[in-house]
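Student: All residue numbers for the sequence shown refer to the numbering used here, where the first residue is 8 and numbers rise by one.
No residue lacks a Cβ here, since even glycine has one placed at the ideal position from N, Cα and C.
Sharing a structure here in structure tokens format.
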Amino acid sequence: MPADRRTFVIVGASLAGASAAATLRDEGFDGRLVLIGDETEAPYERPGLSKRYLRGETSADELTIRSPAWFEEQRIERRFGRRVNSVRGPGHALELEDGEALPYDVALIATGGRNKPLDVPGSDLEGVFQLRTIADADLIRAAAAGTDHAVVIGMGFIGAEVAASLRQMGLAVTVLEAFPGPLHRVLGLDIGAAVRSLHEEHGVHMRFNDAVARFEGKGSLSRVVTTSGHAVQTRLAVVGVGTTPNAELMGGFGIAGNGGIAVGPTLETGYPDLFAAGDVATHDHPLFGPIRVEHFDNAIKMAQSAARNMLGAGAVFNDPHWFWSDQYETEIQMAGFAPEWSRMVVRGSLPDRTFCAFQLDADGVVIGVVSMNWPRDVRRSFGLITKQAAPSPQTLEDPDVDIRELTSPN
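Quick look at the structure:
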């Protein structure tokens with residue numbers, strides 16, 4: 008068989024980018040493969056940054072996805088510490104920050120996202136951090152070693168995990184959250200109350216419906232003042248108020264309303280031979296419609312599907328999505344996509360923080376599942392979600408009913 012002379016380029020040396028590169032080689036692509044990333048480090052896993060790595064329980068090397076030797080063996084051309092400025096979609100070329108034009112036959116954008124800044128006075132003070140990279144985690148850990156109290160702004164998953172880790176490191180922790188409860192937009196008040204009780208039990212002080220008005224200090228942080236006028240003395244603050252997709256290289260073309268790169272069911276953008284995957288992509292999901300998902304498992308699976316479609320598979324990406332979060336000794340798992348729901352059915356006990364909650368739409372269809380310390384039924388619910396099943400609430404509540412049987416043929 009003649010050698011493949013095509014050039015495939017992956018923009019984003021991320022979990023998604025590395026997963027796509029590995030899949031391309033596994034699927035037999037033997038042409039030129041270029042991986043470009045603006046971080047100087049090789050691709051690594053980010054979930055550990057807010058947990059074991061922040062606490063100093065694991066090394067940076069253990070987060071690395073692939074070894075340098077693997078990239079050499081797979082003949083993957085690495086351009087780390089480089090940024091792509093723009094995509095010339097009609098011309099099948101990328102323009103790098105130094106002006107180099109890199110032609111491609113097929114390309115994948117997997118540039119992920121970046122943290123949203125907190126645009127308040129004093130946000131540039133020493134002692135105010137965000138967490139996105141290994142370097143960020145190193146700075147937070149070093150700052151934590153020199154103080155006994157930290158403020159965490161935002162209690163989404165990253166904020167909640169950072170708060171838990173800082174408590175486990177021995178710091179007093181105050182959380183400031185503009186919403187009525189933790190993970191409010193994702194879990195709602197009822198499940199959020201279970202997360203709140205978990206953190207209260209571990210000594211975290213939380214202020215909800217209150218946001219940061221300003222950071223104060225002379226050169227370095229000394230206190231955080233909220234919009235209600237409350238002041239918290241601290242030398243360490245970690246901001247986690249969401250992310251923005253890194254989609255600027257598209258020059259405004261094909262951008263969805265939520266800022267991500269719009270891709271169809273097979274993950275191809277509006278340009279031919281140009282795909283997008285991971286946090287940066289807004290995918291026209293066959294079950295959920297256009298969504299942008301920022302989860303570890305999604306980055307891997309979406310990138311693998313995109314890689315196969317780069318080779319011509321043409322397969323629709325219909326993963327039901329799965330996510331987990333470790334906070335203290337508790338594991339939270341989620342599946343599906345349910346920004347809103349009409350009814351929630353609980354198997355187990357919310358107050359005991361041992362449950363599996365099923366989120367149903369107006370027709371009783373299961374669109375999302377959330378568990379705390381009850382992981383088995385989340386994965387077993389994948390079939391309910393993908394088949395848009397509407398089991399009776401009684402069967403969902405009953406722990407003796409095997410969830411898998413609810414989608415089995417009679």
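What's the C-alpha gap between S235 and R192?
Tutor: Translated into positions along the sequence shown, residue 235 becomes position 228. Translated into positions along the sequence shown, residue 192 becomes position 185. Roughly 22 Å separates the two Cα atoms.
Student: Can you check which of these residues, A144, C363, R315 and A114, is closest to V353 by C-alpha distance?
Tutor: Here the question's residue 353 lines up with position 346 in the sequence shown. When each option's Cα is compared against that of V353, the closest is C363.
Student: Using the Cα positions of T251 and R148, report the straight-line distance between them to the nearest angstrom.
Tutor: In the sequence shown, the residue the question calls residue 251 occupies position 244. In the sequence shown, the residue the question calls residue 148 occupies position 141. T251 and R148: Cα-Cα distance of roughly 24 Å.
Student: Based on the DSSP output, what are the partners of F136 in its beta bridges?
Tutor: Stepping through the sequence shown from its first residue, residue 136 is reached at position 129. BP columns for F136 point to V245.
Student: Just to check my reading of the structure: V245 and A157 have Cβ atoms closer than 8 Å, yes? What is that Cβ distance to the nearest angstrom?
Tutor: Locating residue 245 in the sequence shown gives position 238, where the first residue counts as 1. Locating residue 157 in the sequence shown gives position 150, where the first residue counts as 1. Right, their Cβ atoms sit about 7 Å apart.
Student: Is E404 helix, strand or coil by DSSP?
Tutor: Numbered from 1 along the sequence shown, position 397 holds the residue referred to as residue 404. Reduced to three states, the DSSP call for E404 is helix.
Student: Since I believe H328 is in contact with A342 (beta carbons under 8 Å), could you give me their beta-carbon distance rounded to a whole number of angstroms?
Tutor: Sequence index remark: in the sequence shown, residue 342 carries index 335 (1-based). Sequence index remark: in the sequence shown, residue 328 carries index 321 (1-based). Yes, they are in contact, since the Cβ atoms of A342 and H328 sit about 6 Å apart, within 8 Å.
Student: Please tell me whether I165 and S21 are closer than 7 Å, where the distance is taken between their beta carbons.
Tutor: Indexing the sequence shown from 1 puts residue 165 at position 158. Indexing the sequence shown from 1 puts residue 21 at position 14. Cβ distance not < 7 Å, so I165 and S21 don't count as in contact.
Student: Could you have a look at L413 and say whether DSSP puts it in helix, strand or coil?
Tutor: By one-based count along the sequence shown, residue 413 stands at place 406. Helix.
Student: Between G355 and A397, is the Cβ-Cβ spacing less than 7 Å?
Tutor: One-based indexing of the sequence shown puts residue 355 at position 348. One-based indexing of the sequence shown puts residue 397 at position 390. Not closer than 7 Å, so no.
Student: V180 and V211 - do their beta-carbons sit closer together than 7 Å?
Tutor: Your numbering for residue 211 matches position 204 in the sequence shown. Your numbering for residue 180 matches position 173 in the sequence shown. Going by C-beta atoms, V211 is nearer than 7 Å to V180.
Student: Using 8 Å as the Cβ pair cut-off and three pairs as the minimum, do the region 373-391 and the region 219-237 touch?
Tutor: The region 373-391 is not in contact with the region 219-237.
Student: So, with DSSP's three-state summary, where would you put L294?
Tutor: Start at 1 with the first residue of the sequence shown, and residue 294 comes out as number 287. Residue state, collapsed to three classes: coil.
Student: Assuming contact is defined by CB atoms lying nearer than 7 Å, are W380 and T337 in contact in what I supplied?
Tutor: Your numbering for residue 380 matches position 373 in the sequence shown. Your numbering for residue 337 matches position 330 in the sequence shown. Here residue 380 turns out to be Asn, not Trp, going by the sequence shown. Contact: yes.
Student: In angstroms, rounded to a whole number, what distance separates the CA positions of A100 and S93?
Tutor: Translated into the one-based positions of the sequence shown, residue 100 becomes position 93. Translated into the one-based positions of the sequence shown, residue 93 becomes position 86. C-alpha separation (whole angstroms): 9 Å.
Student: On the three-pair Cβ rule with 8 Å, is the region 288-302 touching the region 35-52?
Tutor: With a cut-off of 8 Å, the region 35-52 and the region 288-302 do not count as touching, because too few Cβ pairs lie within range.
Student: Can you give me the C-alpha to C-alpha distance between L183 and P189, rounded to a whole angstrom?
Tutor: Walking along the sequence shown from the start, residue 183 turns up at place 176. Walking along the sequence shown from the start, residue 189 turns up at place 182. Cα to Cα, the separation comes out at about 10 Å.
Student: Less than 7 Å between the beta carbons of F282 and L274, yes or no?
Tutor: Residue numbering aside, residue 282 sits at position 275 when the sequence shown is read from its first letter. Residue numbering aside, residue 274 sits at position 267 when the sequence shown is read from its first letter. A contact, by the Cβ cut-off of 7 Å.
Student: Using the DSSP secondary-structure output, state which residues sit across from D143 in a beta bridge.
Tutor: Counting from one through the sequence shown, the residue named residue 143 turns up at place 136. According to DSSP, which records beta bridges pairwise, D143 is partnered with nothing at all.
Student: Residues in its own chain within less than 8 Å of G81 by CB, not counting five upstream and five downstream?
Tutor: Here residue 81 refers to the residue found at position 74 when the sequence shown is read from its first residue. At residue 81 the sequence reads Gln, which differs from the Gly that was named. Only A28, A29, R32 and L40 meet the Cβ criterion.
Student: Compute the Euclidean distance between the alpha carbons of T402 and D326, then round it to the nearest angstrom.
Tutor: Mapped onto the sequence shown, residue 402 falls at position 395. Mapped onto the sequence shown, residue 326 falls at position 319. Their backbone Cα atoms lie some 24 Å apart in a straight line.
Student: Per DSSP, which one or two residues make a beta bridge with G375?
Tutor: Working through the sequence shown from its first residue, we reach residue 375 at position 368. G375 pairs with G343 and Q366.
Student: Please go through the same chain and pick out, in chain order, the residues whose beta-carbon is closer than 6 Å to the beta-carbon of A171, but skip the five residues on each side of it.
Tutor: For the purposes of this step, residue 171 is identified with residue 164 of the sequence shown, where counting begins at 1. Closer than 6 Å at the Cβ level, and outside the excluded window around A171, lie Q334 and Y335.
Student: Just mark L115 as buried or exposed, buried being the case when its beta carbon has 16 or more other beta carbons within 10 Å.
Tutor: Residue 115 sits at position 108 when you count from the first residue of the sequence shown. By the 10 Å Cβ count, L115 comes out buried.
Student: Note the first and the last residue of the continuous alpha helix (DSSP H) segment covering Q81.
Tutor: By one-based count along the sequence shown, residue 81 stands at place 74. Taken as a continuous stretch (DSSP letters only), Q81 belongs to no alpha helix (DSSP H), as it is neither H nor E.
Student: Between N417 and the rest of its own chain, which residues show a CB-CB distance below 6 Å, the 5 nearest in sequence each way excluded?
Tutor: For the purposes of this step, residue 417 is taken as the residue at position 410 of the sequence shown. Residue placement at N417 is flagged as unreliable, the pLDDT there being 48, under the threshold of 50; the coordinate-derived value follows with that caveat. Cβ within range, chain order: n/a, list empty.
Student: Alpha carbon to alpha carbon, how far is S388 from A76?
Tutor: Here residue 388 refers to the residue found at position 381 of the sequence shown. Here residue 76 refers to the residue found at position 69 of the sequence shown. Cα-Cα distance, rounded: 39 Å.
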